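Asker:
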Amino acid sequence: MKNSEINSLSKSELIERIAAEQSNLTKMRFAHAISPIENPNKLKETKRTIARLKTALTASQLAK
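Following this line, the structure appears as structure tokens:
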């Protein structure tokens, strides 16, 4: 997810996306523990996306 896409989301959409990405990360971690996933870099990408979403959420809360 690009930063321009993240910045265009509303506060409620950011919260929903954070929850969805965190559940996705949990599922990927379990799948990777059982048998290695094809692209383990997806774990890193997902963690970074969550961090970007949380940063955008904090920035929008501080702006108001």
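FYI, in our numbering the residues of the sequence shown are 604 to 667.
Using N, Cα and C, we set each Cβ at its ideal position, and we do this for glycine too.
Owing to the predicted nature of the structure, the values given are computational and were not obtained by experimental measurement.
1) Here's a check: name, in chain order, each residue in its chain whose Cβ is nearer than 6 Å to the Cβ of Leu660, leaving out the five neighbours to either side.
2) Just to check my reading of the structure: Met649 and Leu628 have Cβ atoms closer than 8 Å, yes? What is that Cβ distance to the nearest angstrom?
3) Could you have a look at Ile653 and say whether DSSP puts it in helix, strand or coil?
4) For the alpha helix (DSSP H) containing Asn606, list its first residue and its last residue.
5) Is the beta carbon of Arg655 sitting closer than 8 Å to the one on Leu646?
Answerer: Put simply:
1) Position 57 of the sequence shown, counted from the first residue, corresponds to residue 660. For Leu660, where only same-chain residues beyond five positions count, the Cβ hits under 6 Å are Leu617.
2) What you label residue 649 is simply residue 46 of the sequence shown in a count that begins at 1. What you label residue 628 is simply residue 25 of the sequence shown in a count that begins at 1. The residue you asked about is not Met; residue 649 is Thr in the sequence shown. The Cβ separation is near 5 Å, so the contact holds.
3) Sequence index remark: in the sequence shown, residue 653 carries index 50 (1-based). Correct three-state label for Ile653: helix.
4) Reading the sequence shown from its first residue, position 3 is the one you call residue 606. It spans Asn606 to Asn610 - the alpha helix (DSSP H) in which Asn606 sits, taken as one unbroken run.
5) Here residue 655 is taken as the residue at index 52 of the sequence shown, counted from 1. Here residue 646 is taken as the residue at index 43 of the sequence shown, counted from 1. Inclusion of Arg655 and Leu646 in the CB contact set at 8 Å is not warranted, their separation being larger than that value.
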